[in-house]
Structure formats: C-alpha cells, structure tokens
Amino acid sequence: MKTVKETPTFTHKQLAINCFNASWDLLDNTERSSEEAEEMINLAHTSFWHWTKVVDHTSQNLSIGYWQLSRVYAVAELGERALYYGDRCLEVSLANEIEPFYIGYAYEALCRANALLEKNDLAKEQYNFAMEYAQLVKVEKSKESLIKDLDSIWDNR
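Just so you know, we're using UniProt numbering here: the sequence shown kicks off at 1 and counts up by one.
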C-alpha cells in the first residue's frame with residue numbers, strides 16, 4: 001500500500017497535493033488489487049476535501065479534484081459514481097469559465113463514465129464536446145494529452 005509523505009507540520013494544501021499524487025500513483029498501476037482501488041478512491045476523496053479547506057483554492061483546483069474522483073471511480077468500474085463526479089467537474093468548470101483544457105477533461109470524465117455504463121450515444125456526444133475543447137487548448141502537449149486520454153476510452157471496451 002502507498003503511504004502519504006509526512007512532514008512535521010501539515011497544511012491542507014500539502015495534504016491535498018500529497019494525497020492527489022498518491023492516488024495518481026495508484027491510477028497509473030494497471031494491476032491494482034481491490035484494496036489498492038479502495039485506497040486510491042479514499043486518497044482522491046481526502047485530497048479533494050483538503051483542497052476545499054485551502055483558503056485560496058480555485059475553481060480549477062475543484063475541477064481537477066472532481067475530475068480525479070471521476071477517474072478513480074471509472075477505473076474501479078463504478079460507473080454511476082464516476083458519472084456523478086464527472087457532472088460536478090463539468091458544472092464547476094463551465095460555471096467558472098476555466099481554461100478549455102479543464103472543460104475538455106470534464107467532458108472526458110463524462111465520456112469515460114458513460115462509456116463504462118454502456119451509454120454510448122451520450123459518450124460519443126461528450127467525446128465530441130471534449131474534442132471541440134481540445135482544439136481550443138493552446139499548449140500542444142496538453143492538447144495531445146487530452147486527445148490521447150479521450151482515445152483511450154474505448155481501448156478496453
């Protein structure tokens with residue numbers, strides 16, 4: 001099991017970042033156990049909660065947190081939960097007019113969740129929205145990451 005780095009004095013921001021990164025490490029593990037999947041989900045929730053306690057947190061921080069929650073539930077094959085957090089991600093992203101990269105990833109989260117739930121028409125619609133936002137991303141490497149993640153949705157389906 002992954003451990004979160006400890007420091008003598010914790011801040012909500014440090015804990016949010018540490019838990020996010022630890023959850024991400026488990027996301028990258030393609031052969032995770034059920035215990036690791038549960039830990040990955042718990043870490044994502046803990047990260048998100050700590051971000052909400054950071055005084056100067058941004059809508060972008062919340063969008064990223066909701067996206068990670070959607071992704072961990074998707075890889076744990078809990079489609080309804082993935083869909084819930086994907087919806088929250090999109091809601092925060094659109095309401096606060098954050099960068100197209102993050103809105104694209106909100107649609108990616110919804111696309112992934114709906115593909116998992118075999119709601120293919122909705123998934124394809126959200127894929128198209130995500131691709132529209134991907135074209136608005138100015139940083140080429142970021143655009144490529146978003147498109148690669150979108151294209152990976154149907155790899156194992």
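Idealized CB from N, CA, C, for every residue including glycine.
In this structure, DSSP gives serine 33 a state outside helix and strand, which the three-state scheme calls coil. Boundaries of the alpha helix (DSSP H) harbouring lysine 143: 140-152, taken from the DSSP string. Taking C-beta atoms as the reference points, cysteine 111 and leucine 150 count as a pair closer than 8 Å. Alanine 95 counts as exposed, since fewer than 16 other beta carbons sit within 10 angstroms of its beta carbon.
Across the set Trp49, Arg71, Val75, Gln68, the C-alpha of Val75 shows the shortest separation from the C-alpha of threonine 30. About 16 Å separates the Cβ atoms of serine 145 and isoleucine 98, ruling out a contact at the 8 Å cut-off. In its chain, beyond the 5 residues on either side, Ser63, Tyr66, Trp67, Ser70, Ala106, Ala109 have a beta carbon closer than 7 Å to the beta carbon of cysteine 89. Around valine 92, the same chain offers Ser59, Leu62, Ser63, Tyr66 as residues with beta carbons nearer than 7 Å, after the five sequence neighbours per side are excluded. Out of Asp25, Thr11, Asn128, Lys119, the CA that lies nearest to the CA of valine 54 is found in Thr11. Counting the other Cβ atoms within 10 Å of the Cβ of serine 152 gives fewer than 16, which makes it exposed.
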